[in-house]
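*Asks:*
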Amino acid sequence: MSNTAIPKSNQMPVGSVQCENTSLNLLKANDFVAKAIRERLADICIINICSSPGSGKTTLMQETGKRLGKQLNIAVLVGDPETERDAVRMREVGINALQIVTGGMCHIEAQMILQALDHINLDNVDLLFIENVGNLVCPAAFDLGEDYRVTLLAATEGDDKPKKYARMFLTSELMVVSKADLLPHVPFSVDAVTKDAREVNPKLEVITISSLNGEGMDEWCAWLNDKVEEKKASKIKQ
Ligand SMILES: Nc1nc2c(ncn2[C@@H]2O[C@H](COP(=O)(O)OP(=O)(O)O)[C@@H](O)[C@H]2O)c(=O)[nH]1
Ligand SMILES: [Mg+2]
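Residue numbering for the sequence shown follows full-length UniProt numbering, beginning at 1 and increasing consecutively.
#1: What whole-angstrom Cβ distance do residue 97 and residue 105 have, given they're in contact under 8 Å?
#2: Can you tell which of 131, 109 and 48 has its C-alpha closest to the C-alpha of residue 84?
#3: Go ahead and label residue 161 buried or exposed: buried means 16 or more other beta carbons lie within 10 angstroms of its beta carbon, across all protein chains shown.
#4: Taking only runs of the alpha helix (DSSP H) that begin and end inside the stretch 8-89, which ones reach a length of at least 4 residues, in chain order?
#5: According to DSSP, what are the bridge partners of residue 165?
#6: By alpha-carbon positions, which one of 186, 227 and 158 ends up nearest to residue 194?
#7: Please state if the CB of residue 197 and the CB of residue 8 are separated by a distance shorter than 8 Å.
#8: Can you find the residues in the same chain that come closer than 7 Å, C-beta to C-beta, to residue 3, ignoring five residues on each side of it along the sequence?
#9: Just verifying my parser: in three-state terms, what is the DSSP assignment at residue 105?
#10: Is residue 53 near ligand 1, with its Cβ less than 7 Å from a heavy atom?
#11: Would DSSP call residue 96 helix, strand or coil?
#12: Excluding five sequence neighbours on each side, which residues of the same chain lie with their C-beta closer than 6 Å to the C-beta of residue 60?
#13: Using beta-carbon positions only, say whether residue 217 and residue 38 come within less than 8 Å of one another.
#14: Let's see if you can read the secondary structure: which residues bound the alpha helix (DSSP H) around residue 150?
#15: Pull up the distance between the alpha-carbon of residue 111 and that of residue 48, whole angstroms please.
#16: Which term fits residue 316, buried or exposed, when burial requires 16 or more other beta carbons within 10 angstroms of its beta carbon?
#17: Ligand 2 and residue 57: does any heavy atom of the ligand fall closer than 7 Å to the residue's C-beta?
#18: Does the beta-carbon of residue 218, which I'm using as the reference point, lie nearer than 7 Å to any heavy atom of ligand 1?
#19: Give the single residue among 56, 64, 173 and 117 whose Cα lies nearest to the Cα of residue 251.
#20: Relative to ligand 1, is the shortest distance from any of its heavy atoms to the C-beta of residue 182 smaller than 7 Å?
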């Protein structure tokens, strides 16, 4: 779970000097709002989906909705700098989706989620996805009250990204290597990217997926089901 002792806004890649950074401290306000979201949505498993633009987040949400929509009550909050297009795409496959238009901002902040909660019905929702703005940098610092952070890295993006954008992978619980159907056509090593990512974050889980041909979708859906069950079990224990 993401409730680690160090808030995500302050986690640094391995080898970084752990110093007080004044701009990072401004993120403490965001952490307070994230805590309020966690308390308010204590029954719902919340997953923050991050990646560069175009890595396949919306397509994966669509395919997930098609596969799990009958078993789980799924909702999506999706952030983009402009347009409602992604929310429309998800509604087209029957997913309860609300667009957060950030007005040019390069990430979603916790206060945007809190405001959006007044405009979406989350009664009986088991699983809430937050599709973050496409960006491997800024979203890493903003806790949105999620239980898990999942970062997609498409086979077309190059396997050198986990070390370059270390904080994104450090603060994620799962890395999804997406567009696996393209692996035979591009110079991308799943082994190399996994090794690099685990040097940044030894606990990082990895699943290789293609939304196009279905590879890895069973493993992804099983991972999600486990997390929803764990969330429900943790609530019963309290
Ligand atoms: N080959 C391939 N293309 C994909 C896959 N998933 C998504 N795409 C394509 O990648 C582009 C961007 O996908 P989208 O889901 O909008 O990415 P997002 O910006 O991360 O939400 C679209 O043209 C998709 O059709 C995949 O698994 N394989
Ligand atoms: Mg999208």
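Built from N, CA and C at the ideal position, the CB exists for glycine as well.
*Replies:* Quick look at the numbers:
#1: Your numbering for residue 97 matches position 97 in the sequence shown. Your numbering for residue 105 matches position 105 in the sequence shown. That pair is no contact at about 19 Å.
#2: Position 84 of the sequence shown, counted from the first residue, corresponds to residue 84. Per the Cα distances, 131.
#3: Within the sequence shown, numbered from 1, the residue matching residue 161 stands at position 161. Buried, since its Cβ has 16 or more Cβ neighbours within 10 Å.
#4: 22-25, 28-40 and 57-68
#5: Stepping through the sequence shown from its first residue, residue 165 is reached at position 165. None; residue 165 has no bridge partner.
#6: As a working mapping, residue 194 is identified with position 194 in the sequence shown. The candidate whose alpha carbon is nearest that of residue 194 is 158.
#7: Position 8 of the sequence shown, counted from the first residue, corresponds to residue 8. Position 197 of the sequence shown, counted from the first residue, corresponds to residue 197. The answer is no: Cβ separation not under 8 Å.
#8: Start at 1 with the first residue of the sequence shown, and residue 3 comes out as number 3. Residue placement at residue 3 is flagged as unreliable, the pLDDT there being 48, under the threshold of 50; a coordinate-derived value is accordingly withheld.
#9: Numbered from 1 along the sequence shown, position 105 holds the residue referred to as residue 105. Residue 105: coil per DSSP, three-state reduction.
#10: As a first step, residue 53 must be located in the sequence shown, where it is residue number 53. Because some heavy atom of ligand 1 lies under 7 Å away, the Cβ of residue 53 counts as near it: yes.
#11: If you number the sequence shown from 1, residue 96 lands on position 96. Three-state DSSP puts residue 96 in a strand.
#12: Walking along the sequence shown from the start, residue 60 turns up at place 60. Closer than 6 Å at Cβ, skipping near neighbours: 211.
#13: Counting from one through the sequence shown, the residue named residue 217 turns up at place 217. Counting from one through the sequence shown, the residue named residue 38 turns up at place 38. No; because the gap between Cβ atoms is not below 8 Å, this pair is not in contact.
#14: As a first step, residue 150 is located in the sequence shown; it is residue number 150 there, counting from the start. Here residue 150 belongs to no alpha helix (DSSP H); instead the beta strand (DSSP E) covers 148-154.
#15: Position 111 of the sequence shown, counted from the first residue, corresponds to residue 111. Position 48 of the sequence shown, counted from the first residue, corresponds to residue 48. Each residue's alpha carbon lies about 15 Å from the other.
#16: Summary: the structure shown does not reach residue 316, with the chain confined to residues 1 through 238, and so no result is reported for it.
#17: If you number the sequence shown from 1, residue 57 lands on position 57. Residue 57 Cβ: within cutoff of ligand 2.
#18: Residue 218 sits at position 218 when you count from the first residue of the sequence shown. Checking the Cβ of residue 218 against ligand 1 gives no.
#19: Nothing can be reported for residue 251: it is not among the residues displayed for the chain, which extend from 1 to 238.
#20: Counted from its first residue, the sequence shown places residue 182 at position 182. The answer is yes for residue 182.
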